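Numbering (the numbering used here), first residue to last: 5 to 446. We treat Cβ as the ideally placed atom computed from N, Cα and C, and that holds for glycine. It should be emphasised that the depicted structure is a prediction, and the values quoted were computed from it without experimental measurement. In what follows, a structure is listed as structure tokens, so that the remarks can point back to it.
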Amino acid sequence: DVILTGCFLALQQQLLQIGGGMMYHKLASRVPQVARMRLSRAPRVPMSSSAASVSMYAGRADTSRLPTAKVSLPAIQTLNKAKPFSSGVEGNKFLTMLASGKPIVCAEGYLFELEKRGYVQIGPFVPEVSLSHPEAVKQLHREFVRAGSDIVQAFTYYANRAKLRLIGKEDRLEALNRAALRIAREVAEETGTILAGNVCNTTMYNPSDPETWDEVRLMFREQIAWAAEEGAELIIGETLGYYGEAVIALEEIQRSGLPAVITFSLANWSDGSKTGDHFLLHDNVHIVDACKQIHSKGAKVVGLNCHRGPETIIAPLQALRDAGCDFPLAALPVGYQCTADKPTMQELSSPGKMYSDLDCHTATRYDFEAFGKECERLGIQYVGTCCGAAAHHVRALAMAVGKSPDSGAFVPDITKHFVYGKEEVLQDAGNLKGSFLSGAGS
């Protein structure tokens with residue numbers, strides 16, 4: 005068993021390096037269970053307090069079972085030590101910008117915006133558009149950059165093996181990821197911005213089922229490998245509702261040699277638990293503990309994204325600062341006017357209309373301007389947008405934190421409006437006679 009385990013691990017590393025996850029999964033189905041990757045089973049910690057629960061579930065490879073002198077395969081490496089690919093960080097634009105202390109804007113929200121435009125389906129939320137209509141993705145990247153985004157995030161959110169399997173298109177996994185990365189890279193290169201790879205909540209992680217940890221790890225690994233190969237300067241692990249899943253994501257990002265941004269989501273799902281209201285993740289880890297631990301493990305930026313709006317995301321951010329989280333924090337709220345009674349966007353939807361009836365709750369540009377000012381007050385360097393936000397929200401946020409985006413030349417100027425404008429402005433232009441201003445034409 006020991007020799008077989010070692011051989012399989014060696015072959016797994018080579019397959020993941022040269023051919024991506026599909027080859028690994030085809031092989032794995034033919035190999036006895038005893039030879040598959042074993043992750044240590046961390047003891048179940050009672051969830052009575054968030055502090056006690058930080059020692060959570062993200063397992064590491066069981067190196068005690070690996071052969072030493074018995075097998076002379078140079079490729080045998082543990083998951084913790086293997087580095088089948090790497091991207092140097094010397095001259096990394098993201099790390100340089102982070103070190104400068106200047107605000108970093110990262111526009112997220114591709115899934116919802118492209119759904120509104122008719123390219124993504126609510127429910128499965130699989131971003132096939134990068135293959136079917138790449139021009140639509142490229143256009144949105146350009147709009148976000150023009151509005152002030154410093155980062156072009158490849159649209160690989162939910163472009164993982166589980167999601168492609170859901171719609172019967174797992175065979176298109178690598179092609180979809182690489183297409184999304186190349187679209188984003190093209191825009192990043194033409195605009196001088198920063199290319200980011202992206203992984204997210206897999207929907208497969210279960211803290212009480214160690215087999216899911218293996219599956220999640222491999223899903224992260226293949227997406228991160230493709231991102232590194234396509235030239236990403238950082239990897240964003242986002243919308244992570246489990247601390248344990250975030251640890252796995254961070255470990256896999258670190259294997260690539262790229263800097264990691266890890267953002268958690270505080271959800272109030274329909275089970276009535278309202279864990280998000282208590283600033284708890286799904287595995288009952290408090291957001292303060294989660295962020296401190298992930299930062300201590302090496303993430304460059306840690307924070308929150310999704311679910312909460314530009315007003316309701318402030319309370320957990322304040323809690324992080326009050327608890328002494330003095331490292332770089334991230335804040336990327338959804339583009340909806342969530343309230344104290346309904347702090348997450350899901351709570352705004354009516355039964356049977358989840359996500360599809362949120363239009364009337366859309367945040368204004370002024371909501372994101374106020375959010376930007378709050379982030380300045382809290383000293384949050386990495387800011388952005390998430391589901392439901394559009395380019396005008398990105399622009400308002402970018403300008404609020406001191407940037408001058410290209411589209412800033414077209415912020416509202418009501419002084420020139422023929423009904424609501426200023427008389428002297430219209431008079432100087434020779435347009436006063438046809439206006440509805442008081443005294444017009446006199």
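Worksheet item: Would you say the region 432 to 439 touches the region 407 to 414, given that touching needs at least three Cβ pairs under 8 Å?
Response: Touching, no.
Discussion item. Taking 9 Å as the threshold (C-beta atoms), are P355 and A393 in contact?
Written reply: Remark: C-beta atoms of A393 and P355 do not approach each other more closely than 9 Å.
Discussion item. Which residue marks the beginning of the alpha helix (DSSP H) containing R181, and which one marks its end?
Written reply: It should be noted that the sequence gives Asn, not Arg, for residue 181. Counting along the chain, the alpha helix (DSSP H) containing N181 begins and ends at 177 to 195.
Practice prompt. Report the three-state DSSP secondary structure of L244 (helix, strand or coil).
Written response: Strand at L244.
Practice prompt. With a floor of 3 residues, list each beta strand (DSSP E) that falls wholly inside the region 119 to 184, ordered by position along the chain.
Written response: The region 119 to 184 contains these whole beta strand (DSSP E) runs: 155 to 157.
Worksheet item: From A303, S300, Q297, C342, pick the residue whose C-alpha is nearest to that of A319; which is it?
Response: Minimum Cα distance to A319 is reached at C342.
Practice prompt. Between the Cα of R312 and those of A253, G328, G388, spot the shortest distance and give me the residue it belongs to.
Written response: G388
Worksheet item: In terms of residue numbering, what span does the beta strand (DSSP E) encompassing F268 cover?
Response: 264 to 268
Worksheet item: Out of R399, A327, L362, which has the shortest C-alpha to C-alpha gap to F372?
Response: Ranking R399, A327, L362 by Cα distance to F372 puts R399 first.
Discussion item. Tell me the rounded alpha-carbon separation between L254 and D432.
Written reply: Cα-Cα distance, rounded: 59 Å.
Discussion item. Buried or exposed, going by whether 16 or more other CB atoms sit within 10 Å of the CB of D275?
Written reply: exposed
Worksheet item: Excluding the five sequence neighbours on either side, which residues of its own chain have a C-beta within less than 6 Å of the C-beta of V156, listed in chain order?
Response: H145, A188, V191, A192, T197, L199
Worksheet item: Between the beta-carbon of A184 and the beta-carbon of A158, is there less than 9 Å?
Response: Less than 9 Å divides the Cβ of A184 from the Cβ of A158.
Item to complete: Examine the Cβ distances between the region 279 to 294 and the region 119 to 127 and report whether three or more of them are shorter than 8 Å.
Response: no
Item to complete: Could you have a look at I317 and say whether DSSP puts it in helix, strand or coil?
Response: Residue state for I317 is assigned as coil, using DSSP reduced to three classes.
Worksheet item: Which one of Y209, A264, E112, P107 has the shortest CA to CA distance from G383?
Response: That would be P107, whose Cα lies nearest to the Cα of G383.
Discussion item. Given a cut-off of 9 Å on the beta-carbon distance, is the pair I171 and R221 in contact?
Written reply: no
Fill in: CA-to-CA distance, L118 to E219, given in whole angstroms
Looking at the two C-alpha atoms, the distance is approximately 28 Å.
Item to complete: Tell me G201's beta-bridge partners as DSSP assigns them.
Response: I239
Item to complete: Would you mind stating whether R262 and E242 have Cβ atoms separated by less than 9 Å?
Response: Per the sequence shown, the amino acid found at residue 262 is Leu instead of Arg. In this structure, E242 does not lie closer than 9 Å to L262 by Cβ.
Worksheet item: For Y424, which of helix, strand or coil comes out of DSSP?
Response: coil
Worksheet item: When we look at the beta-carbon of G330 and count the other beta-carbons within 10 Å, is it buried (16 or more) or exposed?
Response: It should be noted that the sequence gives Asp, not Gly, for residue 330. That one is exposed.
Fill in: Contact set for P138: own chain, Cβ-Cβ below 7 Å, skip 5 residues either direction
A183, I187
Practice prompt. Let me know if V292 comes out buried or exposed under the rule of 16 or more other beta-carbons within 10 Å of its beta-carbon.
Written response: By the neighbour-count definition (other C-beta atoms within 10 Å, threshold 16), V292 is a buried residue.
Worksheet entry | Buried or exposed (CB count within 10 angstroms, at least 16 for buried), A103 | exposed
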